[in-house]
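See below for the structure under consideration.
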Amino acid sequence: MIKTINLKKSFGDKEVLKGVNEEITEGEVVVIIGPSGSGKSTFLRCLNLLESPTSGEVLFEKKRINQPKVNMDLIRMKMGMVFQGFNLFPHLSVLENITIGPIEIQKRTVSQANKIGEDLLMSMGLIEKANVYPKSLSGGQKQRIAIARALAMQPRLLLFDEPTSALDSEMVDEVLQVMKKLANDGMTMVIVTHEMGFAREVGDRIIFMDEGTVVETGTPEELFTSPQYKRTQEFLSKIL
85 MIKTINLKKS FGDKEVLKGV NEEITEGEVV VIIGPSGSGK STFLRCLNLL ESPTSGEVLF
145 EKKRINQPKV NMDLIRMKMG MVFQGFNLFP HLSVLENITI GPIEIQKRTV SQANKIGEDL
205 LMSMGLIEKA NVYPKSLSGG QKQRIAIARA LAMQPRLLLF DEPTSALDSE MVDEVLQVMK
265 KLANDGMTMV IVTHEMGFAR EVGDRIIFMD EGTVVETGTP EELFTSPQYK RTQEFLSKIL
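Convert by adding 84 to the 1-based position in the sequence shown; the result is the number in my numbering.
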């Protein structure tokens, strides 16, 4: 579904990605782990061109998207993203936050968009919050609304950038449960996270990154039980 070829990204003189070659297939849940500063979030943001790669290629559905004249609005309709900071519009109600994309970008009617939004809120257990504003929500509720907003565009791929890192510990599980359900339903997902138990339970494949490169990749069983590389072993020994 999405593939990178020799993907590099520099910020000034600092090379953050050093030639990443990866492919995520349809229905796959890929979890990216690694120390802070390893390039995980930059790699994720390069997939939907929130960061423009310095060189290399990003292919989505077999078409190169990091080139001139590509309509990224159309691409991003198929590639939702959930941020650690929620990024909800404070002046819009919960339902309006969810429906703004379908109305403004997909040109759905208000009634069509509201039906999508209400169904998503029902599935998140938050239908009673439809007409409140984000400031009244807990962190866990805000993140579930952010996920619903991404799903309202009916994407083929969801990207998650440390979706639980801004949450209090008691709110983490309610967000992870939503993501587990998405995984069970077959949603293609790429997830950057520090939640190792979640990565082990949900991931079809784990990517360990360090210093801008993919050090090792494998199934959760392979990576967490018998990592092949010393750097992976060192990292996991400190966090497990």
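Where a beta carbon is used, it is the ideal one built from N, C-alpha and C, also for glycine. What you are looking at is a predicted structure, and each value in this text was computed from that prediction instead of being measured.
- Give the secondary structure of Val-142 by DSSP, where H, G and I count as helix, E and B as strand, and everything else as coil. As a first step, residue 142 is located in the sequence shown; it is residue number 58 there, counting from the start. Strand at Val-142.
- Item | Under 8 Å between C-beta atoms of Val-114 and Asp-288 | As a working note, residue 114 is residue 30 in the sequence shown. As a working note, residue 288 is residue 204 in the sequence shown. For Val-114 and Asp-288, yes; Cβs fall inside 8 Å.
- Message: Suppose you measure from the CA of Asp-252 to the CA of Ser-136; what does that come to, to the nearest Å?
- Response: The residue given as residue 252 occupies position 168 in the sequence shown. The residue given as residue 136 occupies position 52 in the sequence shown. For Asp-252 and Ser-136, the distance between alpha carbons rounds to 32 Å.
- Does the pairing of the region 136-147 with the region 308-322 give three or more beta-carbon distances under 8 Å? no
- Item | Run of the beta strand (DSSP E) containing Lys-93, from where it starts to where it stops | By 1-based counting over the sequence shown, the position of residue 93 is 9. Note, Lys-93: beta strand (DSSP E), 86-95.
- Query: Are the CB atoms of Thr-88 and Asn-105 nearer to each other than 8 Å?
  - Reply: Within the sequence shown, residue 88 is the residue found at index 4, counting from 1. Within the sequence shown, residue 105 is the residue found at index 21, counting from 1. Yes, Cβ-Cβ distance for Thr-88 and Asn-105 is below 8 Å.
- What are the uninterrupted segments assigned as alpha helix (DSSP H) that are 4 or more residues long and contained completely in the region 170-200, given in chain order? Counting whole runs of 4 or more residues, the region 170-200 contains the alpha helix (DSSP H) stretches 178-188.
- Item | Cα-Cα separation, Phe-319 to Arg-192 | Taking the first residue of the sequence shown as position 1, residue 319 is located at position 235. Taking the first residue of the sequence shown as position 1, residue 192 is located at position 108. One C-alpha to the other measures close to 47 Å.
- Task: Give the straight-line distance between the Cα atoms of Leu-221 and His-175, rounded to the nearest whole angstrom.
- Result: By one-based count along the sequence shown, residue 221 stands at place 137. By one-based count along the sequence shown, residue 175 stands at place 91. If I take the Cα positions, the gap works out to 13 Å.
- Leaving out the 5 sequence neighbours to the left and right, which residues in its chain are closer than 6 Å to Arg-240 when beta-carbon positions are compared? Here the question's residue 240 lines up with position 156 in the sequence shown. If we look at Arg-240 and ignore the five residues flanking it on each side, its Cβ neighbours are Lys-162.
- Just reading off the beta strand (DSSP E) that Asn-105 is part of, what are its end residues? Mapped onto the sequence shown, residue 105 falls at position 21. Segment 98-108, the beta strand (DSSP E) holding Asn-105.
- Integer Cβ distance of Val-166 from Ala-236, believed to fall under 8 Å: Position 82 of the sequence shown, counted from the start, is the residue given in the question as residue 166. Position 152 of the sequence shown, counted from the start, is the residue given in the question as residue 236. About 12 Å; that fails the 8 Å criterion.
- Which residue from Glu-180, Thr-297, Met-206, Ser-207 puts its Cα closest to that of Ser-195? One-based indexing of the sequence shown puts residue 195 at position 111. Residue Glu-180 is the option with its Cα nearest to Ser-195.
- Message: Less than 8 Å between the beta carbons of Phe-173 and Gln-227, yes or no?
- Response: The count along the sequence shown starts at 1 and reaches residue 173 at position 89. The count along the sequence shown starts at 1 and reaches residue 227 at position 143. Against a cut-off of 8 Å, the Cβ pair of Gln-227 and Phe-173 comes out as no contact.
- DSSP three-state assignment for Lys-147, whether helix, strand or coil: Working through the sequence shown from its first residue, we reach residue 147 at position 63. DSSP places Lys-147 in strand when its eight states are reduced to three.
- Query: Identify the residues that DSSP records as bridge partners of Asp-294: which are they?
  - Reply: Within the sequence shown, residue 294 is the residue found at index 210, counting from 1. Beta-bridge annotation (DSSP): Asp-294 is paired with Thr-297.
- Task: Find the nearest neighbour of Met-85 within the set Gly-111, Val-100, Leu-101, judged by alpha-carbon distance.
- Result: Locating residue 85 in the sequence shown gives position 1, counting from the first residue. Measuring from the Cα of Met-85, the nearest candidate turns out to be Gly-111.
- Assigned secondary structure, Val-114 (DSSP; H/G/I helix, E/B strand, else coil): On the sequence shown, residue 114 is found 30 positions in, with the first residue counted as 1. Strand at Val-114.
- Along the chain, where does the beta strand (DSSP E) that runs through Asp-252 open and close? Within the sequence shown, residue 252 is the residue found at index 168, counting from 1. No beta strand (DSSP E) holds Asp-252; DSSP gives it neither H nor E.
- Task: Determine the extent of the alpha helix (DSSP H) in which Ile-28 is found, giving its start and end residues.
- Result: One cannot answer for residue 28 here, as it falls past the ends of the chain, which runs 85 to 324.
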